[in-house]
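What follows is a short report on a single structure.
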Amino acid sequence: MGEVLAALQPIFRDVLDDPNLQINRGSNAATVRGWDSLAHINLISAIEQEFSVRFALGELEELKNVGDMIDLIERKLAAK
Amino acid sequence: MNSYHWSQLSPGLQHSFEVELTGAMIRSFLRLSGDNNPLHTSKTFAAQAGFRDVVAHGMLTASLYSRLVGVYLPGRYCLLHGIDVEFVGPVFSGDRLLVQGEIFHLNEAYRRIEVKASITNGGNELVSRAKIRVGLHEY
Numbered sequence: 105m106g107e108v109l110a111a112l113q114p115i116f117r118d119v120l121d122d123p124n125l126q127i128n129r130g131s132n133a134a135t136v137r138g139w140d141s142l143a144h145i146n147l148i149s150a151i152e153q154e155f156s157v158r159f160a161l162g163e164l165e166e167l168k169n170v171g172d173m174i175d176l177i178e179r180k181l182a183a184k
Numbered sequence: 000m001n002s003y004h005w006s007q008l009s010p011g012l013q014h015s016f017e018v019e020l021t022g023a024m025i026r027s028f029l030r031l032s033g034d035n036n037p038l039h040t041s042k043t044f045a046a047q048a049g050f051r052d053v054v055a056h057g058m059l060t061a062s063l064y065s066r067l068v069g070v071y072l073p074g075r076y077c078l079l080h081g082i083d084v085e086f087v088g089p090v091f092s093g094d095r096l097l098v099q100g101e102i103f104h105l106n107e108a109y110r111r112i113e114v115k116a117s118i119t120n121g122g123n124e125l126v127s128r129a130k131i132r133v134g135l136h137e138y
C-alpha cells in the first residue's frame, strides 16, 4: 500500500465511522457506504489537515475516486 | 449578532460569551427534550450518583455551542454542519459558564470553517469541549 493511501485509510475510517472500512484506489462515493455530500466535505477537510495541503474546488470536482485523490495529494506534496 | 463574511475569517479568530445556567433553563430543556431522567429532576437521586445538585442536561450546555456559531462565529451566515462534543464535568444551576471558540481550520473549496470550542465554569473547570463544523451560506 502506498504511503498516501495508508494515511488516508484511518481518515476514511474515522470520518465514515467504520473501523473495518478498506479503501483502495478505485473506491468512490458510490462504492463506500456513508460517503455522502457532507461526509465528503468532512473527508476533504480532514485530508487537508493531515497533509497540510489546500484544495481548490475545481481540483476536487475532477476527482473520480480515491486514486485520483492520492495523485492530487502527491502532486501537492511534491510541489511543497 | 456578528455577520462575518468568508473573506473576514481566518484561523485563530476567537469569540466568547458568558451565561448563567439557571434552574429555569434546566426545567425548560426538560420540557423541550422530554428527558426527565431523575439526574435532572431529583436532588436525592443526583446525590446518590455523587453530585451535589441536580445536573444540567449535557445537551442543554451543548446548545450554547449553537449560540457560539449562530450568533458570534461566524454569526448571521452560519450553517451548522456538525458537532463533536464531550461532557467532561457536571453543570449545576447557578453555574457561570464561559463559552469560547476559535477557528482552527478553513476549507476554502467548500467554504467551511472548523471551530475548537469549550465551556468552563466559574471555577475555571472545563465542563465541555467540542469541535464544530460550520458552513457559510452567503459570502
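If you read the protein sequences in the order shown, they are chains A and B. The numbering of the first sequence is my numbering, which starts it at 105 and goes up by one. The numbering of the second sequence is my numbering, which starts it at 0 and goes up by one. C-beta: ideal position from N, C-alpha, C; glycine also.
Can you give me the Cβ contacts of residue 9(B) inside the same chain, cut-off strictly under 8 angstroms, excluding the 5 residues immediately before and after it?
Here residue 9(B) corresponds to residue number 10 of the second sequence, with the count starting at 1. Excluding residues within five positions, the ones whose Cβ falls inside 8 angstroms are 102 and 105.
Please decide whether residue 80(B) counts as near chain A, where near means a Cβ-Cβ distance under 8 angstroms.
Here residue 80(B) corresponds to residue number 81 of the second sequence, with the count starting at 1. True, the Cβ-Cβ gap to chain A drops below 8 angstroms.
Determine, for residue 142(A), whether the minimum Cβ-Cβ distance to residues of chain B falls below 8 angstroms.
Here residue 142(A) is taken as the residue at index 38 of the first sequence, counted from 1. Residue 142(A) counts as touching chain B.
Would the beta-carbon of residue 60(B) fall within 8 angstroms of that of residue 114(B)?
In the second sequence, the residue the question calls residue 60(B) occupies position 61. In the second sequence, the residue the question calls residue 114(B) occupies position 115. A distance of 8 angstroms or more separates the beta carbons of residue 60(B) and residue 114(B).
Are the beta-carbon atoms belonging to residue 138(A) and residue 118(A) less than 8 angstroms from one another?
By one-based count along the first sequence, residue 138(A) stands at place 34. By one-based count along the first sequence, residue 118(A) stands at place 14. The answer is no: Cβ separation not under 8 angstroms.
With a threshold of 8 angstroms between beta-carbons, can residue 158(A) be considered close to chain B, or not?
Numbered from 1 along the first sequence, position 54 holds the residue referred to as residue 158(A). Under the Cβ distance rule, residue 158(A) counts among the residues neighbouring chain B, one pair being separated by less than 8 angstroms.
Residue 108(B): contacting residues in chain A (beta-carbon distance under 7 angstroms)
In the second sequence, the residue the question calls residue 108(B) occupies position 109. Chain-ordered, the chain A residues with CB closer than 7 angstroms to the CB of residue 108(B) read 148, 159, 160, 161 and 164.
Please list the segments of the beta strand (DSSP E) lying wholly inside the region 31-113 of chain B, counting only runs of 3 or more residues, in order along the chain.
Runs of the beta strand (DSSP E) inside the region 31-113 of chain B: 77-86 and 95-106.
With the cut-off set at 8 angstroms, would you say residue 82(B) and residue 112(B) are in Cβ contact?
Reading the second sequence from its first residue, position 83 is the one you call residue 82(B). Reading the second sequence from its first residue, position 113 is the one you call residue 112(B). The Cβ atoms of residue 82(B) and residue 112(B) lie no closer than 8 angstroms to each other.
Check each candidate in 134(A), 112(A) and 146(A) and name the one with the smallest Cα separation from residue 134(B).
Residue 134(B) sits at position 135 when you count from the first residue of the second sequence. Per the Cα distances, 146(A).
Could you pull out every residue in the same chain whose Cβ sits closer than 6 angstroms to the Cβ of residue 69(B), ignoring the five residues on either side in sequence?
Within the second sequence, the letter at position 70 stands for residue 69(B). Cβ neighbours of residue 69(B) beyond the five flanking positions: 77.
Alpha carbons only, please: which of 99(B), 108(B) and 117(B) is nearest the one belonging to residue 149(A)?
Here residue 149(A) is taken as the residue at index 45 of the first sequence, counted from 1. Considering only alpha carbons, the answer is 108(B).
Is the beta carbon of residue 53(B) closer than 8 angstroms to that of residue 90(B)?
Counting from 1 along the second sequence, the entry for residue 90(B) is found at position 91. Counting from 1 along the second sequence, the entry for residue 53(B) is found at position 54. Cβ distance not < 8 angstroms, so residue 90(B) and residue 53(B) don't count as in contact.
Inter-residue spacing [alpha-carbon to alpha-carbon] between residue 45(B) and residue 16(B)
Here residue 45(B) corresponds to residue number 46 of the second sequence, with the count starting at 1. Here residue 16(B) corresponds to residue number 17 of the second sequence, with the count starting at 1. The alpha-carbon of residue 45(B) is positioned some 28 angstroms away from that of residue 16(B).
Could you name the residues that DSSP lists as bridge partners for residue 13(B)?
As a first step, residue 13(B) must be located in the second sequence, where it is residue number 14. In DSSP, residue 13(B) forms a bridge with 101(B).
What residues in the region 80-107 of chain B bring their beta carbon closer than 7 angstroms to a beta carbon of chain E?
As a matter of chain content, chain E is missing from the structure shown, whose protein chains are A and B.
Interface flag, residue 113(B) vs chain A, CB-CB below 8 angstroms
By 1-based counting over the second sequence, the position of residue 113(B) is 114. Closer than 8 angstroms to the CB of residue 113(B) there is at least one CB belonging to chain A.
Beta-ladder partner(s) of residue 134(B), from DSSP:
Within the second sequence, the letter at position 135 stands for residue 134(B). Partner(s): 78(B) and 111(B).
With residue 151(A) as the anchor, note down where its alpha helix (DSSP H) starts and where it stops.
The residue given as residue 151(A) occupies position 47 in the first sequence. Segment 141-155, the alpha helix (DSSP H) holding residue 151(A).
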